[in-house]
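Q: Following this message is one structure expressed as structure tokens.
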Amino acid sequence: MPEPIDFYFDFSSPYSYVAAHRIEALAQRHIRAVSWRPILLGPAMQISGNRPLVDQAMKGEYATRDVPRLCRLYGIPFAWPTPFPVATLAAMRGFTWLNEQNPDQAIAFAKAVFHAYFADGRAIADAAVTTAVAGETGIDPDAFAAAITDPTIKARTKDAVDASIKRGVFGVPFVFVDEEPFWGVDRLPLVDEWLARGGW
């Protein structure tokens with residue numbers, strides 16, 4: 001059985017939001033699973049010297065046109081949220097907890113969080129809002145609220161961020177196909193071609 005495609009994302013990344021709508025269909029075309037791996041981009045940015053899009057002159061202005069354009073192309077609902085970006089620690093912890101029990105439910109939760117932020121403009125930095133989103137996807141909100149404050153889950157999310165940095169994940173979305181790295185939603189067609197050819 002081929003190895004899963006590793007898909008690294010940050011819940012506050014609009015390009016990750018687009019990729020989250022595209023990655024599963026891409027993987028299915030090549031009979032691959034997807035391993036969804038949320039991270040917090042801030043620590044990687046500190047190491048790489050990168051900055052959030054909104055803090056980059058010209059590039060940030062370009063992104064304000066580019067993301068909605070991509071979403072229109074793919075039929076993905078989108079509206080720039082305010083504030084942007086936001087901390088997504090609660091969502092990452094919740095995903096980590098869910099993924100240990102039910103990966104399919106964790107993916108459904110991830111998609112719901114993305115939609116809540118980038119389509120509905122909900123304040124996903126607020127743990128209460130993230131817990132409400134979990135409840136709306138059929139997850140016990142009390143268990144979820146307890147999990148995101150659990151020291152063990154906190155430690156696992158930190159370990160996941162550290163592991164992503166060690167692996168060289170400096171931005172999102174970031175994909176590994178059999179240890180071959182691809183950065184950016186605009187690289188998904190290249191990932192598709194790589195899988196079709198078996199590399200080159």
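Residue numbers (UniProt numbering): 1 to 200. Cβ atoms here follow ideal geometry from the backbone N, Cα and C, with glycine treated the same way. The structure presented is a predicted model; accordingly, all values stated were derived computationally and were not measured.
#1: Could I get the ranges of all uninterrupted alpha helix (DSSP H) runs contained in the segment 25–67, with 4 residues as the minimum, in chain order?
#2: Touch check for the segment 161–176 and the segment 29–45: three-plus C-beta pairs under 8 Å?
#3: Alpha carbon to alpha carbon, what distance is there between Glu3 and Ala116?
#4: Less than 6 Å between C-beta atoms, sequence neighbours within five positions excluded: which residues of the same chain meet that for His30?
#5: CA-CA distance, Thr157 and Ala110?
#6: Can you give me the Cβ contacts of Gln105 inside the same chain, cut-off strictly under 6 Å, excluding the 5 residues immediately before and after it?
#7: Do Arg22 and Ile5 count as a contact pair if the criterion is CB distance below 8 Å?
#8: Are Ile148 and Ala127 touching if we call contact CB-CB under 8 Å?
#9: Spell out whether any CB of chain D is found under 8 Å from the CB atom of Val34.
#10: Determine the burial state of Leu26: buried for a count of at least 16 other Cβ atoms within 10 Å of its Cβ, exposed for fewer.
#11: Alpha helix (DSSP H) containing Ile153: first to last residue?
#12: Using DSSP with H/G/I as helix, E/B as strand and the rest coil, what is Pro103?
#13: Where does the unbroken beta strand (DSSP E) through Asp120 begin, and where does it stop?
#14: At what residues does the beta strand (DSSP E) containing Phe176 begin and finish?
#15: Within the continuous alpha helix (DSSP H) that includes Phe144, where are the two ends?
#16: Can you tell me the Cα-Cα spacing of Val169 and Tyr8, whole angstroms?
A: Short version:
#1: 41–48
#2: yes
#3: Ala116 and Glu3 have their C-alpha atoms roughly 31 Å apart.
#4: Leu195
#5: One Cα belongs to Thr157, the other to Ala110, and the distance between them is close to 15 Å.
#6: Leu98
#7: no
#8: yes
#9: Absent here is chain D; the protein component of the structure consists of one chain.
#10: buried
#11: In the DSSP annotation of this structure, the continuous segment of the alpha helix (DSSP H) that includes Ile153 starts and ends at 151–167.
#12: helix
#13: That residue, Asp120, is in no beta strand (DSSP E); it is neither H nor E in DSSP.
#14: 174–177
#15: 141–147
#16: Straight-line Cα distance between these residues: approximately 8 Å.
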